[in-house]
Amino acid sequence: MSTESPSTAAPLRTAGLTSDKPTRPRGAHPVLTLVAQRVALGLLLLFAVSVLIFAGTQILPGDVAQAILGQSATAQSLANLREELGLNDPAIVRYFRWLGGVLTGDLGTALSSGQNIASSLLPRLWNTLFLAFWAAIVSIPLAVLLGLIAVRYRNGAVDKAISGLALASTSLPEFFIGYLLVFFFAVKWQWFPAISTVYEGMPFLDRMQAIALPATALTLVVLAHMMRMTRAAILNVMQSAYIETAELKGLSAFDIIRKHAFPNAVAPIINVVMLNLAFLVVGVVVVEVIFVYPGMGQYLVDHVSKRDVPVVQAVGLIFAAVYIGLNILADVAGILTNPRLRHPR
Amino acid sequence: MADILARPAVEPKQQGPLLDIRNLRIEARVYPPGENPRNIVIVDDVSLKLERGRVLGLIGESGAGKSTIGLSSMGYGRGGVRITGGEILLNGRDIRKGGAQGLRKLRGREVCYVAQSAAAAFNPAHRLMDQVVEAALLHGTGSRTEAEKRAVALFKKLSLPDPENIGRRFPHQVSGGQLQRVMTAMALCSEPDLIVFDEPTTALDVTTQIDVLAAIKDAIRDTGVAALYITHDLAVVAQVSDEIMVLRHGKLVEWGGTRQIIKEPRQEYTSALVSVHEIEHQEKKPGTTPFLSVKNVTAAYGGGTVKVLKNVTVDIFPGQTLAVVGESGSGKSTLARAITGLLPPMEGSITFSGRKLANRLADRTKEDLRQLQMIYQMADVAMNPRQTVGTIIGRPLEFYFDMRGKERDRRVAELLEKIEMGQGFIDRYPAELSGGQKQRVCIARSLAAKPSLIICDEVTSALDPLVANGILKLLLDLQQEEDVAYLFITHDLATVKSIADSIAVMYRGEVVRYGPKSQVLTPPFDDYTDLLLSSVPEMEIGWLEKAIKGRRMESAGN
Chain A
59 MSTESPSTAA PLRTAGLTSD KPTRPRGAHP VLTLVAQRVA LGLLLLFAVS VLIFAGTQIL
119 PGDVAQAILG QSATAQSLAN LREELGLNDP AIVRYFRWLG GVLTGDLGTA LSSGQNIASS
179 LLPRLWNTLF LAFWAAIVSI PLAVLLGLIA VRYRNGAVDK AISGLALAST SLPEFFIGYL
239 LVFFFAVKWQ WFPAISTVYE GMPFLDRMQA IALPATALTL VVLAHMMRMT RAAILNVMQS
299 AYIETAELKG LSAFDIIRKH AFPNAVAPII NVVMLNLAFL VVGVVVVEVI FVYPGMGQYL
359 VDHVSKRDVP VVQAVGLIFA AVYIGLNILA DVAGILTNPR LRHPR
Chain B
6 MADILARPAV EPKQQGPLLD IRNLRIEARV YPPGENPRNI VIVDDVSLKL ERGRVLGLIG
66 ESGAGKSTIG LSSMGYGRGG VRITGGEILL NGRDIRKGGA QGLRKLRGRE VCYVAQSAAA
126 AFNPAHRLMD QVVEAALLHG TGSRTEAEKR AVALFKKLSL PDPENIGRRF PHQVSGGQLQ
186 RVMTAMALCS EPDLIVFDEP TTALDVTTQI DVLAAIKDAI RDTGVAALYI THDLAVVAQV
246 SDEIMVLRHG KLVEWGGTRQ IIKEPRQEYT SALVSVHEIE HQEKKPGTTP FLSVKNVTAA
306 YGGGTVKVLK NVTVDIFPGQ TLAVVGESGS GKSTLARAIT GLLPPMEGSI TFSGRKLANR
366 LADRTKEDLR QLQMIYQMAD VAMNPRQTVG TIIGRPLEFY FDMRGKERDR RVAELLEKIE
426 MGQGFIDRYP AELSGGQKQR VCIARSLAAK PSLIICDEVT SALDPLVANG ILKLLLDLQQ
486 EEDVAYLFIT HDLATVKSIA DSIAVMYRGE VVRYGPKSQV LTPPFDDYTD LLLSSVPEME
546 IGWLEKAIKG RRMESAGN
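Chains as they are written, first to last, in my numbering: chain A, 59 to 403; chain B, 6 to 563.
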């Protein structure tokens, strides 16, 4: 057969046979549409969450004016304050007033201190993100690498040791890990401070030393979950026929995992990584309290105990936004790593 | 182009056979349900020799050990398979003594592999070119530029469209037939001495298979590579092999030149394989009134956007078989879905015993459902793995006839007799049955409803030829006894000849030829039917070249 073989010629069309192939709608790349859909869905979800948060705080018993002025307040001063705060307006009006404020960066005023919530919350959000960032920088690559190693030596001693240690660190409650770290590194050997005080203008290295223990505690908490999921996702892919193809090309075991298995397991791994990132931001309450770290968690706990509803609302909304935002990121990453979506036929 | 693919005239390597397997023994550990794990012998005392540039066909039914032997030449065992005895000499040295390092060096360099399903064997995350040149780069047979140049030359050789650019595509962007050729190019790219082809055309449509087969044959000839060609289809292997080795249950049955094996088989088993498709079936004349008529049916997926059936009209007569043939995507199975109500037609109607059938499954009466039964290609996924054969066959008896207890058990036993299996199977689970037995149980289940029509969707496609033949004979006998009609969907024309009374040829959602079997299979043919008929491999040396020459129409999927 020469290169001029019939198979390179245009297919002959027989009379009576129509060929109306389904045509792809022109315009935006399908990935853009998918991503736009996810983002829109996320915004809608965030809006729904804001309604829930607002409704939830309305159902709670108690009166804000009463809470501010205390038991000894007169009826007149209560009425005046209610008028001033707009508490007599219908809930819908108050909701949109609150939402409008949130969208313009005004989170309201804390009842307990009378301070602007946004300005006292911002540095704490920054502190929380700083801690989460460093915990993530350590834990994510470590978890993925350990996952790869566990797959490479699956069911062997190395795999079992990694899994065992990781599971042990997950099973221990984070406060227990925190106190263990404090006992050894702060009390016994005195390498790191037991209390993670940070302040504005603190030199970077001092700051890093201050967060060493809480960051380690967080790393240990999230590591195992990510490692186990990485291992499971890759093992799942290892059953595929193309892994056999790679093996029969003579690739080494680690190259097979790295080049052929990992790229196809990225989407589920990203998903679990994002879930854990969200935990690093919104789930740090206990760790922050243990190390007296001035982050969002501390701030939230303080104000819950003071029944400071506007602060709880604001923190709740920020936590929800982080959670939803990271999940959108995971979805988008999942779409972008899928060659079928990235390069349609 | 010829220069880059040709091999040096004088092989620098030593003389003697390229591959010399002596007394090979391969075992595997199996975990039968409810029993202790044990070792079974998959390949027992098999020896073979393959000279440079020659093609040896390994043939046998599933479980014969052909793939296992093929992979052993790369020192590879799937799952729990282990090579436990014998010598595998490749280029004069025993690869079993080279260790893991030695095996990695020969895989992808001296021996390459072409898998049955290229669609699954390519990594969906990487572009084709990166995968094609990977082994060549790994083993250092050339620079990236050189390897890519060779790959493009191979793409041309294998008649792939747009050979310069096809490498930039991802696997999901090319068709199955093209992928199979790209995989062949991938195997040839690192200039191996031997390629193991493991059923490379089995998953393709006949019309696509013929082109891929021709491309593979040309590539083997022009590059001078040796090959082990594994298949269960003797007609296919007859086109490409110099020699054929027949295997059964892991043992050698017969080994000889291609002409000798197909013309003068010495062993009884080989003759059975050679003559396998010859069931004589006398066509019944169509009756006067069909009991099921499909009239001008148009059906679509995606809310009317993708039309998969266009104006289809066919009749089915009591106690007769209508075979529906065509390549994948031609709408055969969709026709079955429309008749059973799973996909309500957009236009047209289906009449059954003189009245119109409701379009939607949910609107049909229990009696209508009973009259139309189905059997599927994959018998093992069509049964609940946690139910016994007795429960599976008994279920329609309870559901349609309200039979219970002894009465039901008696009927189940009767049905088991009908499918030639006997009562010993009543307590077995599907996992304990062979492929053919599973399909028989599915047949019994559909018969239990006493239907007037059974829709058979590729029911023999997943079975070995001899087993498939048994199923076809059984279906024909049952038709005699029960006077049941079949709508027999298949892509295999040999099967059609053995079972059909009338035939509908489908192409891109339309019936392009329809009538009694004798008429449909008598020339003059329309172009598509001609292509379909001429693409069925015949057990005759030189058939491939003749068929390629005589074609009037190009097959799709290329």
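Even glycine gets a Cβ: it sits at the ideal position worked out from N, Cα and C.
What you are looking at is a predicted structure, and each value in this text was computed from that prediction instead of being measured.
- Query: Between the beta-carbon of residue 564/B and the beta-carbon of residue 168/B, is there less than 8 Å?
  - Reply: Residue 564/B falls outside the range modelled here, since chain B spans only 6 to 563, and no answer is possible.
- Straight-line Cα distance separating residue 127/B from residue 471/B: Roughly 32 Å between the two C-alpha positions.
- Task: Closer than 7 Å by C-beta to residue 217/A: which residues in its own chain qualify, once you throw out the five before and the five after it? Chain order, please.
- Result: 208, 211
- Through-space distance from residue 21/B to residue 332/B, alpha-carbon basis: 45 Å
- Item | C-alpha gap between residue 144/A and residue 167/A, whole angstroms | 13 Å
- Can you have a look at residue 287/B and say buried or exposed, based on whether 16 or more other CB atoms are within 10 angstroms of its CB? exposed
- Query: Using Cβ-Cβ distances below 8 Å, what residues of the segment 289 to 314 of chain A are close to chain B?
  - Reply: 298, 299, 300, 302, 303, 304, 305, 306, 307, 308, 309, 310
- Query: Helix, strand or coil: which one does DSSP assign to residue 460/B?
  - Reply: strand
- Message: Just verifying my parser: in three-state terms, what is the DSSP assignment at residue 316/B?
- Response: strand
- Item | Option nearest residue 401/B by Cα separation, candidates 435/B, 109/B, 446/B | 446/B
- Item | Local Cβ density within 10 Å of residue 405/A, reported as buried at 16 or more and exposed below that | Residue numbering for chain A in the displayed model covers 59 to 403; residue 405/A lies beyond these limits and cannot be assessed.
- Task: Using a cut-off of 9 Å between C-beta atoms, extract the partners of residue 122/B located in chain A.
- Result: Result: 299.
- Item | For residue 174/A and residue 181/A, the rounded distance between their alpha carbons | Rounded to whole angstroms, residue 181/A to residue 174/A spans 13 Å at the Cα level.
- Would you verify that the beta carbon of residue 83/A is, or is not, closer than 8 Å to some beta carbon of chain B? Below a pLDDT of 50, predicted positions are generally treated as unreliable, and residue 83/A, at 48, falls in that range; the measurement from the model is reported next regardless. Chain B contact via Cβ: absent.
- Item | Residues that residue 112/B contacts on chain A, provided the C-beta gap is smaller than 7 Å | Residues of chain A passing the Cβ test: 306, 307, 308.
- Along the chain, which unbroken stretches of the beta strand (DSSP E) at least 3 residues long are found entirely within the segment 265 to 347 of chain B? 297 to 306, 311 to 321, 326 to 330
- Query: For residue 284/B, which residues from the same chain have a beta carbon less than 7 Å from its beta carbon, with the 5 sequence-adjacent residues on both sides left out?
  - Reply: So the list reads 474, 477, 478, 503, once near-sequence residues are dropped.
- Item | Continuous alpha helix (DSSP H) assignments of at least 4 residues falling wholly in the segment 17 to 89 of chain B | Fully contained in the segment 17 to 89 of chain B are the following alpha helix (DSSP H) runs of length 4 or more, in chain order: 71 to 77.
- Tell me, to the nearest whole angstrom, how far the beta carbon of residue 224/A is from that of residue 282/A; I am working on the premise that it is less than 8 Å. 3 Å
- Does the distance from the CB of residue 378/B to the CB of residue 459/B come in under 8 Å? yes
- Message: Suppose you measure from the CA of residue 316/A to the CA of residue 194/B; what does that come to, to the nearest Å?
- Response: 23 Å
- Message: Check whether chain B comes within 8 Å of residue 325/A, counting only Cβ atoms and requiring the distance to be less than that.
- Response: no
- Task: Quickly, what does DSSP pair residue 253/B with across the bridge? List them, please.
- Result: 256/B
- Would you grab the beta carbon distance between residue 60/B and residue 45/B for me? Rounded to a whole angstrom, and I think it's under 8 Å. At roughly 30 Å, the Cβ-Cβ gap does not stay under 8 Å, so residue 60/B and residue 45/B are not in contact.
- Item | residue 197/B: first and last residue of the uninterrupted beta strand (DSSP E) it sits in | No beta strand (DSSP E) holds residue 197/B; DSSP gives it neither H nor E.
- Task: May I ask you to list the residues that DSSP assigns as paired with residue 602/B?
- Result: Here chain B has residues from 6 to 563 only, and residue 602/B is not among them.
- Who are the neighbours of residue 87/A on chain B, taking C-beta pairs under 9 Å? Ordered by position in chain B, no residue passes the 9 Å Cβ test against residue 87/A, which lies about 15 Å from the chain.
- Which of the residues in the segment 129 to 150 of chain B, read from start to end, lie with their CB under 7 Å from any CB of chain A? 129, 130, 139, 140, 143, 144
- Item | Buried/exposed call for residue 436/B, threshold 16 Cβ in 10 Å | exposed
- Item | Against chain A: residues of the segment 227 to 252 of chain B by CB proximity under 7 Å | none
- Decide if residue 528/B is buried, meaning its Cβ has at least 16 other Cβ atoms within 10 Å, or exposed. exposed
- Query: Taking one C-beta from the segment 76 to 95 of chain B and one from the segment 144 to 151 of chain B each time, how about it: are there three or more such pairs within less than 8 Å?
  - Reply: Under the 8 Å Cβ criterion, the segment 76 to 95 of chain B does not count as touching the segment 144 to 151 of chain B, having fewer than three qualifying pairs.
- By the 10 Å Cβ neighbour count, where 16 or more other Cβ atoms means buried, how is residue 398/A classified, buried or exposed? Exposed is the label assigned to residue 398/A, since fewer than 16 other Cβ atoms lie within 10 Å of its Cβ.
- Item | Whole runs of the alpha helix (DSSP H) within the segment 361 to 443 of chain B, excluding any shorter than 4 residues | 371 to 376, 394 to 406, 410 to 423
- Item | Beta-carbon proximity list for residue 156/A, same chain, < 8 Å, skipping 5 on both sides | 112, 166, 371
- Query: Identify the residues that DSSP records as bridge partners of residue 231/B: which are they?
  - Reply: 199/B
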